[in-house]
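Under our numbering, the first residue of the sequence shown is numbered 256, with each subsequent residue one higher. Virtual Cβ for every residue (Gly too), placed ideally from N, Cα, C. On a predicted model such as this, the values are computed, not experimentally measured, just so you know. Right, one structure below, let's go through it.
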Amino acid sequence: MDINAVIGDIYDLGSSQGDWLSIGRRLFKCLGADAGTMRFRQANGQSVNVFELSRAGETRYVDHYAHIDPIRAAISRIKPTSDWASAVAVSEDLVDDEQYRQSEFYRDFARPNGQDHMLVGAVGDREGTVVGFFRQGMAFGSEERAKLVRVLPHIQRSLQLRQRLQDAELNARVGYAAFEALPGSALVVDADLNVLFANAAAARSLSGRGLPIGIAAPSHNVHGTRLLVDNRERSNRLRALVRDAASGGSGGAMRIELDTGDLDRMGQLAVLVSPQPKHLGGRKTFPGELTPVLILITELSRPSAPKPSLLSELFGLSAAEGAVALALLGGQTAESVARERDVSLETVRSQIRTVLRKSDATNLRDFERIGALLTALAR
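See below:
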């Protein structure tokens, strides 16, 4: 059996759900072992021997003998160094042979299950994985030790890769669950507006509604979906915000108007662009690397909006100022607000200036950005 071929396949298993059972069989043949063990802790907390999934005695070992196994306890205390030979041992190296052969573990479990002789190694990963090989008859010698010394660091790297991929998958699940819980339409895009993730609200509201911004497949033969805008000027503006956020900037906000069929009320979409929060990213990024971008889209003309009392509490607005602010967030113009409230246009403009000052907004666009966040929170 070629040990180099086994080592190559061990690396393949680090990045897939490959067949460790087959690797175990090949290692048994290379090392002249009758059986072996390498235990992984599954998501449900159960320890499973991936070399011997159905071997007799596995349940008994997990339920009782694992807790009194002196060989595993001794090898688990060894931390591999650059000298991997120090991480490989036979049972006689680890415990007093006479006492071991009188122990309950040896008498009632190891010997009856063909584990008269053991060759074990400490993998040195964060889970403290131990790999072991067993046989009856002749003890393991220097040749088998040398082979395990050679294989052990590759098992370690394969398991470390497996653990990193599992961590990345878990982080991604947690991150996307957080995106899914965000109010309104939430998307994660790359610097070219390719959609990496869209929550359920975005999938519903931005697909096929005829809005000026939406999710669609490109017209040419390209896989995946993109965030598209139907106006070149607005599309260039959105691209600039996304590129800024992807390059380490803060992004920004923009407003996209849409026809609602109401002469006095212009529909509006607030589009907020920001870098994807680092704690929701699946991996670390390198300096100069373009990072994913989070986009929140809120339809301001929809009925859900912050209550006037919330605006008053946050910004100290009067009842009249709060009503004007709410009307502006609903897409009305200053002229339509003046007509609706039966006051002069100058009065409304003065109230707008007061709203901007009290909310620390630099202009109406900035106040719409603030309002979009409050609208989302009010849902």
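As a quick exercise: from R481, E568, I262 and V345, pick the residue whose alpha carbon is nearest that of A329. The residue from R481, E568, I262 and V345 with its alpha-carbon nearest to that of A329 is V345.
Taking 7 Å as the limit between beta carbons, can you name the residues of its chain near R492, skipping five residues before and five after? M509
Who does G571 pair with in a DSSP beta bridge? Looking at the DSSP assignment, G571 forms no beta bridge with any residue, so it has no partner.
Contact between the region 522-533 and the region 493-505 (3+ Cβ pairs under 8 Å): As far as the Cβ criterion goes, the region 522-533 touches the region 493-505, which means the pair count is three or higher.
Report the residue from I511, S397, S302 and V303 whose alpha carbon sits nearest the alpha carbon of E623. I511
For the alpha helix (DSSP H) containing L551, list its first residue and its last residue. Unbroken run through L551 is the beta strand (DSSP E), V548 to E554; no alpha helix (DSSP H).
Are the Cβ atoms of F306 and L276 separated by less than 8 Å? For the pair F306 and L276, the CB atoms are nearer than the 8 Å cut-off.
Candidates A290, R332 and A394: which alpha carbon is nearest G387's? A290
Same chain, Cβ closer than 6 Å to D615, neighbours up to 5 away in sequence not counted: none
Between which residues of its own chain and K613 is the CB-CB distance below 8 Å, once the five residues before and five after are set aside? F570, G571, L572 and E576
Determine whether the beta carbon atoms of V378 and T384 lie at a separation below 8 Å. yes
Please give me, in chain order, every unbroken run of the beta strand (DSSP E) with length at least 3 that falls completely inside the region 358-382. You should have 372-377.
Beta-carbon contacts of E359 that lie in its chain and below 8 Å, excluding the five residues immediately before and after: I323
How is the alpha helix (DSSP H) around D283 delimited, first residue to last? It is worth fixing the name first, because residue 283 is Phe in this sequence and not Asp. Looking at the DSSP string, the run of the alpha helix (DSSP H) that includes F283 is W275 to L286.
Using 10 angstroms around the beta-carbon of E554, count the other beta-carbons present and answer buried if the total reaches 16, otherwise exposed. buried
E399 versus E347: straight-line alpha-carbon distance, rounded: Between E399 and E347, the C-alpha separation is close to 15 Å.
What's the C-alpha gap between V317 and G263? Between V317 and G263, the C-alpha separation is close to 30 Å.
Who are the near neighbours of V261 in its chain, counting only those whose CB is closer than 6 Å to its CB and skipping five residues on each side? R281
Please classify M393: is it buried, with 16 or more other beta-carbons within 10 angstroms of its beta-carbon, or exposed? In this structure M393 is exposed. Its beta-carbon is surrounded by fewer than 16 other beta-carbon atoms within 10 angstroms.
Measuring from the CB of L407, is there a heavy atom of the ligand MG at a distance below 7 Å? Because no ligand of any kind appears in the structure shown, any question about the ligand MG cannot be addressed here.
Distance check for E382 and K334, CA to CA, integer angstroms please. 12 Å
Given a threshold of 16 other Cβ atoms within 10 Å of its Cβ, counted over all protein chains shown, does P367 qualify as buried or as exposed? Per the 10 Å Cβ criterion, exposed.
Is the region 577-587 touching the region 480-488 in the sense that three or more CB pairs, one from each, lie closer than 8 Å? no
Nearest-angstrom beta carbon gap, K402 and I258 [assumed within contact, 8 Å]: 6 Å
DSSP three-state label for P408, please. helix
Would you check if the distance between the CB atom of Q370 and the CB atom of F395 is smaller than 8 Å? no
What do you get for R327, buried or exposed, if any count of 16 or more other CB atoms within 10 angstroms of its CB means buried? buried
Using the Cβ count rule (16 or more neighbours within 10 Å means buried), how would you classify Q606? buried
Which word fits T292, buried or exposed, when buried means at least 16 other C-beta atoms lie within 10 angstroms of its C-beta? T292 should be labelled buried.
G465: buried (16+ other C-beta within 10 angstroms of its C-beta) or exposed? exposed
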